[in-house]
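Residue numbers (my numbering): 6 to 109.
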Amino acid sequence: MIPEDFAEKITFNRTWDLLSHRWKFYVVYLLGERPLRFGELRRLCAAVSRVTLTGYLRQLEQEGFISCHKLSEPALFAEYALTDLGRSALPLVRQLIAWGDEAD
């Protein structure tokens with residue numbers, strides 16, 4: 006039986022938010038390979054505008070999936086990497102991508 010407060014639980018909300026935004030999901034997948042600078046992410050997510058990608062990166066950082074490390078001052082260069090939470094989501098992300106590939 007599903008508890009009445011199921012949809013209110015933070016873990017459910019965090020999971021659903023990641024899975025329901027295709028580009029956030031893809032960013033987690035990309036960062037699973039190695040940390041990337043914004044320009045590299047922008048090139049790999051070419052269909053997304055700079056503003057939209059920046060927004061998704063900020064959301065992922067606020068949600069605890071990624072971290073942003075400033076590589077210089079002023080912050081002209083920054084590198085994005087998965088946090089422990091992001092790394093814990095990576096197996097699920099990879100499984101869902103593999104499942105999608107099999108379904109095609």
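No residue lacks a Cβ here, since even glycine has one placed at the ideal position from N, Cα and C.
Extent of the continuous beta strand (DSSP E) run through residue i
i   : result
E84 : 83–87
S72 : 71–75
Sequence-distant residues of the same chain with beta carbon closer than 8 Å to residue i, five excluded per side
i   : result
L62 : V32, F43, L46, I71, C73, Y85
Y34 : L95, V98, R99, I102
W28 : C50, V53, T57, L58, Y61
Local Cβ density within 10 Å of residue i, reported as buried at 16 or more and exposed below that
i    : result
L101 : exposed
F82  : exposed
Residue of the options minimising C-alpha distance to residue i
i   : options              : result
L76 : F30, Q67, L41        : L41
G69 : T88, D109, L58       : T88
H26 : E9, G37, V53, E38    : V53
F30 : R92, D10, E107, A108 : R92
N-terminal and C-terminal residue of the alpha helix (DSSP H) that residue i is part of
i   : result
L46 : 43–49
V56 : 55–67
R27 : 27–36
Other residues of its chain near residue i: CB distance less than 7 Å, five sequence neighbours each side excluded
i   : result
E66 : S72, C73
Close-in-space but distant-in-sequence residues of the same chain around residue i (CB under 6 Å, 5 per side omitted)
i    : result
A108 : none
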